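2 protein chains.
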Amino acid sequence: MSAGAPDFEAALKAAIDGKTKPVGALGRIEALAAQLARLQGTLAPVAERCRLTIFAADHGIAAEAVSAYPQAVTREMVKNFLAGGAAATVFARELGAEVVVVDAGVAGAPLDDPALISRRIGPGTANSALGPAMTGEERDRALDAGAELGRAGQAEVMAFGEMGIANTSAATLVVAKLLGLPVAGIVGRGTGLDDAGLARKRAVLERAALRTPWRLSPDEALAEYGGFEIAMMAGAMASAAVARRLVLVDGFIATAAAACALVRAPELRGAFVFCHLSEEQGHAAVLHALQAEPLLALGLRLGEGTGALLALPLVRAAAAMLRDMASFESAGVSRG
Amino acid sequence: MSAGAPDFEAALKAAIDGKTKPVGALGRIEALAAQLARLQGTLAPVAERCRLTIFAADHGIAAEAVSAYPQAVTREMVKNFLAGGAAATVFARELGAEVVVVDAGVAGAPLDDPALISRRIGPGTANSALGPAMTGEERDRALDAGAELGRAGQAEVMAFGEMGIANTSAATLVVAKLLGLPVAGIVGRGTGLDDAGLARKRAVLERAALRTPWRLSPDEALAEYGGFEIAMMAGAMASAAVARRLVLVDGFIATAAAACALVRAPELRGAFVFCHLSEEQGHAAVLHALQAEPLLALGLRLGEGTGALLALPLVRAAAAMLRDMASFESAGVSRG
């Protein structure tokens with residue numbers, strides 16, 4: 005009996021519908037349970053171990069003043085992750101996930117911390133308003149490094165987060181080119197630009213978008229406009245999905261990476277959970293283009309993997325439902 | 005410095021805005037953290053211990069064939085709760101909450117299980133299609149028993165759930181009378197009525213509603229149309245809130261109990277978290293009338309406290325955010 009086969013699907017439906025609850029009464033929790041069962045090929049799925057991998061990198065386009073925060077914050081936040089004081093690390097402790105922090109290409113000298121995983125492609129990308137953000141060779145190194153990290157560890161559930169000042173700009177350009185969405189419709193305030201800052205960011209991104217054709221492939225979009233953390237995350241999501249691990253997709257930037265992975269390999273879609281709808285302007289449009297319905301809508305716009313972690317308990321509850329709930333027969337409960 | 009005072013509010017805002025994230029970037033998690041801080045009167049709120057109290061009772065109106073399930077299911081599900089095989093008990097184990105099961109008035113002989121808390125008001129209510137569901141004295145005993153249970157234990161967070169075949173009918177009538185909502189607009193399929201069943205339920209409830217004036221007080225509505233579990237839950241929610249414990253409100257029936265508690269004592273509102281939007285037809289209208297915005301929307305329609313439990317990790321993450329996250333100053337991160 006293998007996942008996707010008619011006998012597996014019939015057994016899965018019978019197992020979920022046979023639990024002591026009206027048919028369908030657990031809504032999206034039932035859908036999550038079915039997704040995990042198909043991915044793991046079992047009616048007793050497990051979602052206990054979760055690893056959050058946070059990719060950090062800098063962006064040449066930050067020189068265009070597209071962020072409310074200085075570029076130094078990327079580096080400072082990496083230290084904050086390692087010290088456990090950032091939102092994602094606090095949530096991970098509270099919710100029971102391990103955290104791995106990856107230097108994918110933070111500006112300045114390499115950070116010296118034994119807990120930091122160094123996969124530096126370079127000290128930040130080039131300014132994609134003026135030319136390609138990275139070479140094809142750099143993109144491939146980032147994808148490969150990500151692929152290795154997506155296979156690492158023993159966790160059944162892989163959450164991915166990012167940090168990188170100006171990376172909503174990179175993500176906006178990547179998804180615009182990948183999905184054919186107009187920049188003006190998806191550009192947003194990022195960490196909190198005011199109206200003047202948003203107008204400036206829009207003008208910068210529209211100009212940058214004019215450098216290349218209307219649509220690009222994932223590989224082209226990543227090289228022209230991506231970030232090292234975005235490319236690495238795309239590689240990690242894909243390899244985690246290939247390894248039949250559940251991929252928890254965070255907000256706007258993680259969704260851009262997921263879009264790259266899924267346009268490259270749509271057959272991996274069954275591993276992806278789109279965890280939340282971000283406040284960032286373009287997220288709803290990108291999720292819509294991917295036909296993805298997010299689990300949560302909490303007004304988050306932080307990244308780091310925070311929204312992915314907040315969905316983890318739902319995944320665990322779904323697995324426990326299918327694994328541990330009694331059936332009408334086993335509990336002696338009358339059916340309707 | 006006390007909660008609600010200007011100095012407390014200023015310190016709370018400074019603490020949340022000083023965390024290493026853009027102002028407001030954690031959306032509703034920040035609002036939850038602030039709510040818990042105000043309730044506990046501290047900038048280091050705690051939400052580790054959670055108790056789910058499940059109230060079970062039967063309903064005379066079940067005789068009108070308003071449910072897709074036989075009345076015996078209430079009793080069978082109580083046994084399922086005690087055995088740990090029901091959705092709420094599985095979720096509670098997975099998410100780290102203790103469970104207490106209360107017999108508020110299950111039909112038949114008293115259940116004999118040392119783990120069951122017996123607060124039986126009677127073997128189910130009378131049929132509210134024909135006359136009052138309970139006497140004023142029974143309602144007061146239920147409210148008082150609930151009040152005692154809402155104060156019990158040491159948990160900072162109190163979740164409440166229910167089980168009772170036909171209790172969406174009771175809840176529909178209670179909120180219709182309490183909030184002045186037309187029965188036809190809020191009556192729903194409950195555990196899964198088909199179209200004919202729904203039409204029958206609507207006719208029964210509209211007839212029952214005609215017995216009494218358009219609007220009733222909470223005490224009147226509970227006696228005329230309530231259930232022992234609904235009245236007991238209303239009493240428990242109120243006493244938990246008075247004790248400054250966070251009250252996690254589950255779906256449609258729990259929201260009916262919360263509405264009774266809050267119309268009686270609106271000043272307790274700060275303790276209440278409306279955890280999710282149920283699929284049950286009337287829930288959105290009742291939440292709207294209470295000006296409550298639910299945290300989750302997962303298509304649940306089970307009750308038992310399942311939706312309240314799924315919101316618990318969000319509450320814990322919110323408390324941890326305020327308690328444990330670094331500030332820009334402590335982490336040496338540049339501000340925007």
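Note that the protein sequences, when read in sequence, are chains A and B.
In case it helps, our numbering puts the first sequence at residues 5 to 340.
In case it helps, our numbering puts the second sequence at residues 5 to 340.
Cβ atoms here follow ideal geometry from the backbone N, Cα and C, with glycine treated the same way.
It should be emphasised that the depicted structure is a prediction, and the values quoted were computed from it without experimental measurement.
Distance between beta carbons of residue j and residue i, contact taken as under 8 Å
i, j, result
"B/Ala-258", "B/Met-237", "6 Å"
"B/Ala-38", "B/Ile-20", "6 Å"
"B/Val-187", "B/Glu-210", "5 Å"
"A/Phe-232", "A/Ile-125", "4 Å"
"B/Ala-260", "B/Ala-213", "No, B/Ala-260 and B/Ala-213 are not in contact; Cβ-Cβ is about 14 Å, not under 8 Å."
"A/Gly-277", "A/Leu-250", "Rather than Gly, the amino acid found at residue 277 of chain A in this sequence is Val. Correct: roughly 6 Å between the Cβ atoms."
"B/Ile-190", "B/Gly-286", "3 Å"
Reduced DSSP category for residue i - H, G, I as helix; E, B as strand; rest coil
i, result
"B/His-280", "strand"
"B/Val-187", "helix"
"B/Ala-61", "strand"
"B/Ser-331", "strand"
"A/Gly-154", "helix"
"B/Ile-125", "coil"
"A/Glu-166", "strand"
"B/Ala-108", "strand"
"B/Leu-302", "coil"
"B/Lys-17", "helix"
"B/Lys-181", "helix"
"B/Val-161", "strand"
"B/Arg-143", "helix"
"A/Lys-23", "strand"
"A/Glu-52", "coil"
"B/Arg-70", "Going by the sequence as given, residue 70 of chain B is Val instead of Arg. DSSP places B/Val-70 in coil when its eight states are reduced to three."
"A/Val-251", "strand"
"A/Glu-102", "strand"
"B/Glu-115", "A small fix is needed here, since residue 115 of chain B is Leu in this sequence, not Glu. Coil at B/Leu-115, not helix or strand."
"B/Leu-120", "strand"
"A/Leu-314", "helix"
"B/Met-81", "helix"
Cut-off 7 Å between Cβ atoms - residues of its own chain near residue i, not counting five sequence neighbours on either side
i, result
"A/Ile-33", "Leu-318, Ala-321, Ala-322, Met-325"
"B/Leu-313", "Leu-56, Ala-92, Phe-95, Ala-96, Leu-99, Ala-101, Ala-163"
"B/Gly-31", "none"
"B/Leu-86", "Val-105, Asp-117, Ala-119, Leu-120"
Sequence-distant residues of its chain with Cβ nearer than 8 Å to residue i (five each side left out)
i, result
"B/Glu-284", "Thr-172, Gly-192, Arg-193, Gly-194, Gly-255, Phe-256, Arg-305"
"A/Gly-311", "Asp-254, Gly-255, Cys-279, His-280, Ser-282, Leu-300, Leu-302, Leu-304"
"A/Gly-140", "Asp-223, Ala-227"
Residue i versus residue j - alpha carbon distance
i, j, result
"A/Ala-18", "A/Phe-12", "10 Å"
"A/Gly-150", "B/Asp-199", "52 Å"
"B/Arg-55", "B/Ala-240", "12 Å"
"A/Arg-206", "A/Ala-61", "22 Å"
"A/Val-77", "B/Gly-340", "9 Å"
"A/Gly-64", "A/Thr-129", "5 Å"
"A/Ala-245", "A/Arg-123", "21 Å"
"A/Gly-3", "B/Val-27", "This structure cannot speak to residue 3 of chain A, because chain A is shown only from 5 to 340."
"A/Asn-131", "A/Ile-169", "13 Å"
"B/Val-106", "B/Asp-117", "11 Å"
"A/Gly-88", "A/Ala-108", "19 Å"
"B/Leu-294", "B/Ala-175", "15 Å"
"B/Leu-134", "B/Leu-115", "28 Å"
"B/Asn-84", "B/Gly-112", "17 Å"
"A/Val-161", "A/Leu-316", "8 Å"
"B/Asp-328", "A/Gly-201", "32 Å"
"B/Leu-183", "B/Arg-219", "7 Å"
"B/Phe-332", "B/Ala-51", "24 Å"
"B/Ala-265", "B/Pro-222", "8 Å"
"A/Ala-90", "A/Ala-296", "28 Å"
"B/Val-290", "A/Val-337", "31 Å"
"B/Ala-35", "B/Ala-262", "20 Å"
"A/Arg-204", "A/Arg-53", "43 Å"
"B/Lys-25", "B/Leu-16", "15 Å"
Beta-carbon proximity list for residue i, same chain, < 6 Å, skipping 5 on both sides
i, result
"A/Arg-155", "Ser-243, Ala-247"
"A/Phe-4", "Because chain A in this structure spans residues 5 to 340, residue 4 of chain A falls outside the shown range and cannot be described."
"B/Val-208", "Glu-68, Val-70, Ala-133"
"B/Leu-153", "Thr-57, Ala-240"
"A/Gly-157", "Arg-55"
"A/Ala-72", "Thr-195, Gly-196, Leu-197"
heavy atom of the ligand GDP below 8 Å from residue i C-beta
i, result
"B/Glu-166", "Ligands displayed in this structure: none; no statement on the ligand GDP is therefore possible."
**Asked** Per the contact definition of three or more C-beta pairs closer than 8 Å, is the region 43-51 of chain A in contact with the region 139-155 of chain A?
**Response** no
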